[in-house]
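Numbering (our numbering), first residue to last: 263 to 901.
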């Protein structure tokens, strides 16, 4: 018997549990009704069909119940990993493993276990879990979704192999990920980071520089902040022009995971001496700061009852569409019942006698034929719709892969097509992705429109329940952020409050709170508030733009602490990426203005030229090596 979930995790039942229970109840009732009809001798063939459909409904309901329980545990474990609470995450993964036998979910559990071990710096244990994730058999329930998780496991194993010196194995995993037509940008970015680690470990400086330039957008946009820190350390290393310095880690960390610089020393030793360690707060502090930022905005603006009522109204599906779909569903069910009743009635009427004493010929039973025909049509429609949904899902994955490979125009074209598909969850996911694309281009009105269209696709309660893990809260979170950027502080705070109440298991809930908190502080012109919220974001899966916003706030608030090299890096980020600069100018004009005035302020010890900044970076690298106690020059010949 499965163990109870500890109350401290705050995990409730999954949103699909009620609908899954209804399926089981309807299936049991249908089976008993069919058995009763068979017992009294009425339409045995029809009773067999009804019993089969009822058993299928029971199977689907029970499977949904078990999947929902495992999903809640896995999603909550992901948020705990982001927060650095690794022991609690492992406890939940153990519970999830006890509650499911589905290959796809077991693969995800293995990936999470590998991530926990990697976060602790235990690469050997992480590699064992990654091997298990790759080696599991393919899922027959959701093969395309499981293929995405398999690619994620391959990218993770490739990074671990690159970090432990297994060059050939890492190259094989990287190539498998690169060749896939349905790889997500996040998975592709991790594979390209593994390639960068291989190049650096092999001493291929020129190739590493070219690789980072070619994959710059992908690596900055779609990596976790910890992994993004490795790329930026490589950039500083190449800019400084000094020999790579391998930093020995200080052994096991006292906490659950080592500090960032020690973690990087285990994943990418050559980058460790160039890691910025200005942030000292942990991930939990960052999440708490994000919550405090939103709470502070609520205190300033106040979540008025009208704002909360408006947020609740926005969260409801369009009434007209829901009623139309319910009427259509009722009409189909009513037609099925009528057909069954006609079949029973025809079987109960005896055939008329034939003149001459001959035996009567059996009737054609038109009602029963209608019932079987309706069942056949229904099964054909179900199978056809499942194939259609799978085709649309593959289109979505292909578009995401194109987005990761830099073909944004092609990806947007396919996503727009998928957004109008008659597959609600996939169409909603397409609109969520389009909203993110439009936000990056600072087309905020278009982004908000895509959020509304995505929410409009999830009209039935069952669809919303199925989308409650990522898609639905993701749309609501993006809309809250857009409200904050648009100056609608009350609406943004109300959306965040309702999102936390209705989706407590949302894996990116702390990230969403921090994003909205940053946007609200930036819109108020509170540069010091943005800087305070930026502490500890290394552990939360923030985008490159959110992280840059926090870094700009820190630099503008305390330039003398940040230092000349980091300020030069931030200026280069804005100069080299005009689109990101436009985003910052739209989201946080006061922060950008304060940062632009740094040159007018005399910063003690600040180097005024790029050459001096490079010299400072080289000096920092040498000092880091001396503190480590040993310096080792990386081989210059390619491996």
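Where a beta carbon is used, it is the ideal one built from N, C-alpha and C, also for glycine.
Nearest-angstrom Cα distance between residue i and residue j?
i: residue 416; j: residue 788; result: 43 Å
i: residue 669; j: residue 658; result: 14 Å
i: residue 483; j: residue 456; result: 16 Å
i: residue 388; j: residue 474; result: 26 Å
i: residue 302; j: residue 293; result: 15 Å
i: residue 277; j: residue 436; result: 37 Å
i: residue 311; j: residue 649; result: 23 Å
i: residue 785; j: residue 521; result: 32 Å
i: residue 476; j: residue 336; result: 35 Å
i: residue 664; j: residue 792; result: 34 Å
i: residue 326; j: residue 528; result: 41 Å
i: residue 763; j: residue 578; result: 15 Å
i: residue 379; j: residue 572; result: 44 Å
i: residue 674; j: residue 716; result: 15 Å
i: residue 560; j: residue 442; result: Low confidence applies here, because residue 560 scores a pLDDT of 43, under 50, leaving its location unreliable; read the following figure in that light. Between residue 560 and residue 442, the C-alpha separation is close to 45 Å.
i: residue 781; j: residue 330; result: 33 Å
i: residue 419; j: residue 328; result: 29 Å
i: residue 820; j: residue 498; result: 21 Å
i: residue 478; j: residue 290; result: 56 Å
i: residue 671; j: residue 677; result: 10 Å
i: residue 833; j: residue 432; result: 35 Å
i: residue 365; j: residue 643; result: 27 Å
i: residue 468; j: residue 462; result: 10 Å
i: residue 825; j: residue 453; result: 32 Å
i: residue 697; j: residue 445; result: 20 Å
i: residue 726; j: residue 679; result: 21 Å
i: residue 822; j: residue 701; result: 32 Å
i: residue 853; j: residue 790; result: 9 Å
i: residue 265; j: residue 357; result: 7 Å
i: residue 287; j: residue 295; result: 12 Å
i: residue 651; j: residue 486; result: 30 Å
Among residues of its own chain, excluding the 5 on either side of residue i, which ones have a beta-carbon nearer than 8 Å to its beta-carbon?
i: residue 902; result: Because the chain here runs from 263 to 901, residue 902 falls outside it and cannot be looked at.
i: residue 333; result: 276, 367, 731
i: residue 438; result: 413, 416
i: residue 694; result: 712, 713, 716, 733, 736, 737, 740
i: residue 377; result: 343, 388, 418
i: residue 372; result: 391, 392, 394, 395, 398, 415
i: residue 283; result: 323, 327
i: residue 447; result: 480, 483, 484, 662, 663, 665, 666
i: residue 656; result: 406, 444
i: residue 860; result: 817, 818, 821, 829
Using a Cβ-Cβ cut-off of 7 Å (strictly less than) and excluding sequence neighbours within five positions of residue i, which residues of its own chain qualify?
i: residue 931; result: No answer is possible for residue 931: it lies beyond the span of the chain, which begins at 263 and ends at 901.
i: residue 902; result: Nothing can be reported for residue 902, as the shown portion of the chain is limited to 263 through 901.
i: residue 370; result: 336, 411
i: residue 256; result: Because the chain spans 263 through 901 in this model, residue 256 falls outside it and cannot be assessed.
Quick one: residues in its chain with C-beta nearer than 6 Å to the C-beta of residue i, no 5 flanking neighbours on either side, listed in chain order?
i: residue 339; result: 351, 354, 355, 374
i: residue 647; result: none
i: residue 805; result: none
i: residue 533; result: 492, 495, 496, 526
i: residue 836; result: 843
i: residue 742; result: 754, 757, 758, 778
i: residue 489; result: 455
i: residue 870; result: Note that residue 870 scores 44 on pLDDT, short of 50, meaning its location in the model is unreliable; the coordinates nonetheless yield the value given after this. None.
Regarding residue i and the ligand MG, is the C-beta to nearest heavy atom distance less than 8 Å?
i: residue 413; result: In the structure shown, the ligand MG is absent, as is every other ligand, since no ligand is present at all.
Step through the CB atoms of chain B and report whether any lies within less than 9 Å of the CB of residue i.
i: residue 520; result: Reference to chain B is not applicable here, since this structure consists of a single protein chain.
Discussion item. Closer than 8 Å is the cut-off here; do at least three beta carbon pairs connect the segment 299-319 with the segment 334-347?
Written reply: no
Worksheet item: Okay, do the segment 391-398 and the segment 410-427 touch, 3+ Cβ pairs below 8 Å being the bar?
Response: yes
Practice prompt. Write down every uninterrupted run of the alpha helix (DSSP H) in the segment 646-725 whose length is 4 residues or greater and which is fully enclosed by it, in chain order.
Written response: 670-681, 686-702, 706-719
Discussion item. Could you check whether the segment 763-780 touches the segment 724-742, counting it as contact only if at least three pairs of C-beta atoms, one from each stretch, sit closer than 8 Å?
Written reply: yes
Worksheet item: Is the segment 404-415 in contact with the segment 425-434, if contact means three or more CB pairs nearer than 8 Å?
Response: no
Item to complete: Check whether the segment 721-728 touches the segment 669-688, taking contact to mean three or more Cβ pairs, one atom from each stretch, closer than 8 Å.
Response: yes
Discussion item. Please give me, in chain order, every unbroken run of the alpha helix (DSSP H) with length at least 4 that falls completely inside the segment 741-818.
Written reply: 751-764, 771-785, 789-795
Practice prompt. Identify every run of the alpha helix (DSSP H) within the segment 371-422, keeping only runs that are complete inside it and at least 4 residues long; order them along the chain.
Written response: 385-397
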